[in-house]
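Undergrad:
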Amino acid sequence: MNDESEVMPLAPTPKAAAIEESPQMSELAMIGNVFFEPGSVFDDQRRKARFIIGGILVVLAISVFQIAFVEKFGLQKIVEARIESSSRTADMSNEQKRTIIEQQSGPIAKYITYAATPIVMFIVFLIGGLIYWLGANAMGGSATFTRGVAVWVYSSLPPTLLFMAGNLLVMFLKDPETIDLVSSQGGLLKANLGFFSDPKSMPVVYALVSSIDLFAIWGWVLAAIGLQRVAKIGSGAAWAVVLMLGLIGIAAKVVGAVFF
Numbered sequence: 004m005n006d007e008s009e010v011m012p013l014a015p016t017p018k019a020a021a022i023e024e025s026p027q028m029s030e031l032a033m034i035g036n037v038f039f040e041p042g043s044v045f046d047d048q049r050r051k052a053r054f055i056i057g058g059i060l061v062v063l064a065i066s067v068f069q070i071a072f073v074e075k076f077g078l079q080k081i082v083e084a085r086i087e088s089s090s091r092t093a094d095m096s097n098e099q100k101r102t103i104i105e106q107q108s109g110p111i112a113k114y115i116t117y118a119a120t121p122i123v124m125f126i127v128f129l130i131g132g133l134i135y136w137l138g139a140n141a142m143g144g145s146a147t148f149t150r151g152v153a154v155w156v157y158s159s160l161p162p163t164l165l166f167m168a169g170n171l172l173v174m175f176l177k178d179p180e181t182i183d184l185v186s187s188q189g190g191l192l193k194a195n196l197g198f199f200s201d202p203k204s205m206p207v208v209y210a211l212v213s214s215i216d217l218f219a220i221w222g223w224v225l226a227a228i229g230l231q232r233v234a235k236i237g238s239g240a241a242w243a244v245v246l247m248l249g250l251i252g253i254a255a256k257v258v259g260a261v262f263f
């Protein structure tokens, strides 16, 4: 009979497990690393979800472009272009159009427009995070709501920062007379197939083809990586969630082009 007792491996203590799962990056480090090492960033997001600074940067980037665009061209001129290009106002009299323009281009309307951007983006972050959370868990993952929001914010951060920086550069270098004020509010930097169609004569086609955008695809790739790392699901499942949401967004743009 063997007198040597069998040595059993010790289970990790809660303290050791907590150390192992503690975050390895600050959120400031994540902002730089997500451009080059997105997998590592999302691994750390699983350890502890953080998105406040990243979300603020996304909101600031969009707000800076929007404010610069309005201040450069004037809200009244932008509203006039929007009213003239809309099929819903085609049958209105000039007086009716003028009334709408005055209502939507006054000083109060301008500041409401500026203030609405952070509010809308906050809601978008919450809805996007909710969809990623529910979608990933429906695919057998182990995400949380805050991790879903973190994936949404940090998959949006790199393309948004570069896209808005490019928009500002184009806005100040391009001849203002050649800028379409209606379509350019969504961005002056064209990285999609929208330049093959006219948004005025073919609004539905333009909405469809302009959705095939390099910056959007970059964001989808980051989101798929994020869902794989944060929710511990496979590549196919992550892409299913991302593409489902992408198709919903494309459908919304097409419907908007049909009715508005």
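Every letter in the sequence shown is one number past the one before it in the numbering used here, and letter 241, counting from 1, is 244. Here a beta-carbon is modelled for each residue, glycine too, at the ideal position from N, C-alpha and C.
In angstroms, rounded to a whole number, what distance separates the CA positions of alanine 112 and proline 179?
TA: Residue 112 sits at position 109 when you count from the first residue of the sequence shown. Residue 179 sits at position 176 when you count from the first residue of the sequence shown. Approximately 23 Å, taken between the alpha carbons.
Undergrad: When the Cα atoms are used, what is the spatial distance from valine 185 to tyrosine 117?
TA: Taking the first residue of the sequence shown as 1, we reach residue 185 at position 182. Taking the first residue of the sequence shown as 1, we reach residue 117 at position 114. Approximately 17 Å, taken between the alpha carbons.
Undergrad: For leucine 165 and asparagine 140, what's the separation of their Cα atoms in angstroms?
TA: Translated into positions along the sequence shown, residue 165 becomes position 162. Translated into positions along the sequence shown, residue 140 becomes position 137. Spanning the two alpha carbons is a distance of roughly 31 Å.
Undergrad: How about alanine 194 and leucine 217: do their beta carbons lie closer than 8 Å?
TA: Residue mapping note: residue 194 aligns to position 191 of the sequence shown, counting from 1. Residue mapping note: residue 217 aligns to position 214 of the sequence shown, counting from 1. Yes, the Cβ-Cβ distance between alanine 194 and leucine 217 is below 8 Å.
Undergrad: Could you name the residues of the same chain whose beta carbon sits closer than 7 Å to that of asparagine 170, not counting the 5 residues immediately before and after it, in chain order?
TA: The count along the sequence shown starts at 1 and reaches residue 170 at position 167. Here the set comprises Phe68, Gly190, Leu191 and Leu192.
Undergrad: Between the C-alpha atoms of isoleucine 22 and asparagine 36, what's the straight-line distance to the nearest angstrom?
TA: Sequence index remark: in the sequence shown, residue 22 carries index 19 (1-based). Sequence index remark: in the sequence shown, residue 36 carries index 33 (1-based). Confidence in isoleucine 22 is poor, its pLDDT being 42 and thus under 50, which makes the residue's placement too unreliable to answer from.
Undergrad: Start and end of the alpha helix (DSSP H) containing alanine 227?
TA: Locating residue 227 in the sequence shown gives position 224, where the first residue counts as 1. Element bounds for alanine 227: 217-234.
Undergrad: Which residues mark the beginning and the end of the alpha helix (DSSP H) in which glutamate 98 is found?
TA: Walking along the sequence shown from the start, residue 98 turns up at place 95. Start and end: 97-107.
Undergrad: Thinking just about the alpha-carbon of each residue, which of Gly222, Phe198, Trp223 and Val82 is nearest to the one in leucine 211?
TA: By one-based count along the sequence shown, residue 211 stands at place 208. The shortest Cα separation from leucine 211 among Gly222, Phe198, Trp223 and Val82 belongs to Phe198.
Undergrad: Taking the alpha-carbon positions, what's the lysine 100 to phenylalanine 175 distance?
TA: Taking the sequence shown and counting its residues from 1, the one referred to as residue 100 is at position 97. Taking the sequence shown and counting its residues from 1, the one referred to as residue 175 is at position 172. Spanning the two alpha carbons is a distance of roughly 30 Å.
Undergrad: Between the alpha carbons of glycine 239 and glutamate 87, how many angstroms are there, rounded?
TA: For the purposes of this step, residue 239 is taken as the residue at position 236 of the sequence shown. For the purposes of this step, residue 87 is taken as the residue at position 84 of the sequence shown. Roughly 45 Å separates the two Cα atoms.
Undergrad: Between the region 69-83 and the region 102-110, do three or more beta carbon pairs fall short of 8 Å?
TA: Result yes; three or more Cβ-Cβ pairs closer than 8 Å.
Undergrad: On the three-pair Cβ rule with 8 Å, is the region 240-254 touching the region 46-57?
TA: Cβ pair count under 8 Å is below three, so no.
Undergrad: Would you call the CB atoms of glycine 229 and valine 154 closer than 8 Å?
TA: Within the sequence shown, the letter at position 226 stands for residue 229. Within the sequence shown, the letter at position 151 stands for residue 154. Closer than 8 Å, so yes.
Undergrad: In angstroms, rounded to a whole number, what distance separates the CA positions of tyrosine 135 and serine 43?
TA: The count along the sequence shown starts at 1 and reaches residue 135 at position 132. The count along the sequence shown starts at 1 and reaches residue 43 at position 40. Roughly 19 Å between the two C-alpha positions.
Undergrad: Closest by CA to valine 233, which one among Ala219, Gly151 and Ser159?
TA: Stepping through the sequence shown from its first residue, residue 233 is reached at position 230. Nearest option by C-alpha distance: Gly151.
Undergrad: With phenylalanine 175 as the anchor, note down where its alpha helix (DSSP H) starts and where it stops.
TA: Position 172 of the sequence shown, counted from the start, is the residue given in the question as residue 175. Unbroken alpha helix (DSSP H) run through phenylalanine 175: 148-176.
Undergrad: Quick one, which of Phe72, Ile126 and Val156 has its alpha-carbon nearest methionine 167's?
TA: Counting from one through the sequence shown, the residue named residue 167 turns up at place 164. Comparing Cα-Cα distances from methionine 167 to each of Phe72, Ile126 and Val156, the minimum goes to Phe72.
Undergrad: Taking buried to mean at least 16 other C-beta atoms within 10 Å of its own C-beta, is threonine 181 buried or exposed?
TA: Taking the sequence shown and counting its residues from 1, one reaches residue 181 at position 178. Classification of threonine 181: exposed, given that the 10 Å Cβ count is below 16.
Undergrad: Decide if aspartate 183 is buried, meaning its Cβ has at least 16 other Cβ atoms within 10 Å, or exposed.
TA: Residue numbering aside, residue 183 sits at position 180 when the sequence shown is read from its first letter. The residue in question, aspartate 183, is exposed, as its Cβ has fewer than 16 Cβ neighbours within 10 Å.
Undergrad: Who are asparagine 36's beta bridge partners in DSSP?
TA: One-based indexing of the sequence shown puts residue 36 at position 33. Beta-bridge pairing links asparagine 36 to no other residue.
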